[in-house]
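For the sequence shown, the residue numbers in mature numbering (1 follows the signal peptide of the UniProt record, and there is no 0) are -17 to -1, 1 to 277.
Ideal Cβ positions, reconstructed from N, Cα and C, are used throughout, including at glycine.
Bear in mind that the values here come from a model prediction, so they are computed numbers and not experimental data.
The next block holds one structure in the form of structure tokens; read it before the comments.
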Amino acid sequence: MNKSLLLFIGLLATTYAVTFDASMHCACEELNQTECTKMMGYCKWTSTCETVEYDFSCSSLPQANCSGKSTGYLCAWETSECVEKSYSCSDFTAADDCPRSLKCYWNKSGKCAEFSSCADYDENICYRVTGCKYISGACASLTCSSITAENECYGQDSETTECEWSTNSKCESLSVSASCTDLNNFQKKCENEGCKYATNSCSFKTCADNTGEQECRISKSGENERTLCAWDGSKCADAADTSKLTAENCFSQSYQNYRWTADGKCEECSDLVSEGSSSNSVILSVFVALAFIA
Ligand SMILES: *[C@@H]1O[C@H](CO)[C@@H](O)[C@H](O)[C@H]1NC(C)=O
Ligand SMILES: *[C@@H]1O[C@H](CO)[C@@H](O)[C@H](O)[C@H]1NC(C)=O
Ligand SMILES: *[C@@H]1O[C@H](CO)[C@@H](O)[C@H](O)[C@H]1NC(C)=O
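Below is the structure:
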């Protein structure tokens, strides 16, 4: 056989896996009513399934819905209208109103203020401040490497990192968005995250790594990638197609990437859109909440 034919056969064998992208979903326009209502916040059913557009403006809100809290600190009621407002910590005068979401914290002088030093906080606020920890009677900044006991090695030492116990028994600072392939030195975390740990390295699982028939459904094969698995009678392998999925589970098991067609097949949607594409995600989360009420 010639080389390119072999290569072609090799490619066929290796590319035949059904994968889903957990960060994407079918465009609303392709969904039926049942599927559409499962995508609350992204899609809405009228007589067809439509993409929800958030043409959000403070000025459309009545006074009752215009508080800082209820708009995610985007709007405020002033004299007789709802207007855009950018809040600062000093706008808040009670401990209960001092919003952590704006990185404001209630300090020892009884003021809602931006972070400046861990020493500014009482015990009951300290644990909520990213990068601080209450140790031997004082709120102090958390340094992972100064912790020597595994059961004390936890908490975020910065906005983007946290303390984790490493395989060589040290408390180390690790990115909060670390994925399987970043965890070679963190066996316990690797296993807790559903990754595979072998020969001192941490990797994503393949279907073949699932041992029982019960576990043989989907494997997390990449940061956003999921591979459909199938039990072949004795072991778990990559599924060759979606024929085992049903009208009931096609949409949900495919991470909303596939849908059930009129002729009874589970097929990939022709248009996949990303989770956060329709609008700013902060605004989205506020208005998903409003959509539930409306
Ligand atoms: C506005 O606020 C009121 C009272 O909190 C609530 O009942 C109503 O559902 C809200 N309306 C919208 C559109 O969120
Ligand atoms: C609390 O915050 C106020 C306002 O920023 C500041 O003047 C004061 O020094 C702070 N007190 C402490 C104990 O950090
Ligand atoms: C929509 O499709 C699902 C399969 O994804 C099916 O179970 C359901 O009955 C359909 N609903 C309507 C209203 O057609």
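Taking the alpha carbon of residue i as the reference point, which residue from the options has its own alpha carbon closest?
| i | options | result |
| --- | --- | --- |
| Cys32 | Phe39, Ala96, Pro45 and Glu13 | Glu13 |
| Lys218 | Gln197, Thr225 and Cys49 | Gln197 |
| Gly177 | Lys188, Asn168, Ala220 and Ala230 | Lys188 |
| Tyr137 | Ser156, Ser257, Gly195 and Thr143 | Ser156 |
| Ser6 | Arg209, Ala222, Lys248 and Asp246 | Arg209 |
| Glu67 | Phe39, Ser186, Tyr(-2) and Ser99 | Phe39 |
| Asn15 | Glu258, Glu231 and Ser202 | Glu231 |
| Ala78 | Ser84, Arg111, Ala132 and Gly93 | Gly93 |
| Thr76 | Ser84, Asn90 and Ser43 | Asn90 |
| Gly55 | Arg83, Glu61, Thr62 and Ser30 | Arg83 |
| Thr194 | Asn48, Gly205 and Trp214 | Trp214 |
| Gln236 | Asn134, Ser257, Cys199 and Asp254 | Cys199 |
| Val256 | Tyr(-2), Tyr25, Thr17 and Glu18 | Tyr25 |
| Cys163 | Asn151, Ser204, Cys154 and Lys153 | Ser204 |
| Ser128 | Asn151, Val112 and Arg111 | Asn151 |
| Pro206 | Asp246, Ala161 and Ser30 | Per the sequence shown, the amino acid found at residue 206 is Glu instead of Pro. Considering only alpha carbons, the answer is Ala161. |
| Ser43 | Ser63, Ser99, Ala132 and Thr34 | Ser63 |
Which residue comes first and which comes last in the beta strand (DSSP E) that contains residue i?
| i | result |
| --- | --- |
| Glu61 | Cys58 to Glu61 |
| Ser119 | Taken as a continuous stretch (DSSP letters only), Ser119 belongs to no beta strand (DSSP E), as it is neither H nor E. |
| Ile201 | Ile201 to Lys203 |
| Lys27 | Cys26 to Trp28 |
| Glu12 | No beta strand (DSSP E) holds Glu12; DSSP gives it neither H nor E. |
| Lys179 | Lys179 to Ala181 |
Which residues in the same chain have their Cβ closer than 8 Å to the Cβ of residue i, if we skip the five residues on either side of it in sequence?
| i | result |
| --- | --- |
| Thr126 | Asp140 |
| Cys115 | Cys101, Tyr104, Cys109, Cys122, Ala123, Ser124 and Leu125 |
| Val1 | Thr210, Leu211, Asp221, Ala222, Ala223, Asp224 and Thr225 |
| Tyr241 | Phe3, Cys9, Thr225, Leu228, Cys233, Phe234, Cys249, Glu250, Glu251 and Cys252 |
| Tyr238 | Phe3, Asp4, Ala5, Met7, His8 and Arg209 |
| Cys49 | Cys41, Cys58, Ala59, Trp60 and Cys65 |
Can you list, in chain order, the residues of its chain whose CB lies under 6 Å from that of residue i, leaving out five sequence neighbours each side?
| i | result |
| --- | --- |
| Glu174 | Tyr180 |
| Cys72 | Cys87, Cys95, Ala96 and Glu97 |
| Lys172 | Glu147 and Leu166 |
| Ser262 | Confidence at Ser262 is low in this model, with a pLDDT of 43, below 50, so its placement is unreliable and no value can be given for it. |
| Val271 | Any reading at Val271 needs caution, since the residue's pLDDT is 45, under 50, leaving its predicted position unreliable; the model's value is listed next. Cβ within range, chain order: Gly24. |
Apart from the five residues on each side of it in sequence, which residues of its chain come closer than 7 Å, Cβ to Cβ, to residue i?
| i | result |
| --- | --- |
| Thr20 | Trp28 |
| Cys184 | Looking at the sequence shown, residue 184 is not Cys but Ser. Here the set comprises Asn167. |
| Gly51 | Ala59 and Tyr70 |
| Thr143 | Ser158 and Val159 |
Which residues share a DSSP beta bridge with residue i?
| i | result |
| --- | --- |
| Gln139 | Glu145 |
| Cys154 | Trp148 |
| Asp215 | In DSSP, Asp215 forms no bridge with anything. |
Between which two residues does the alpha helix (DSSP H) holding residue i run?
| i | result |
| --- | --- |
| Phe234 | Cys233 to Gln236 |
| Cys109 | Glu106 to Cys109 |
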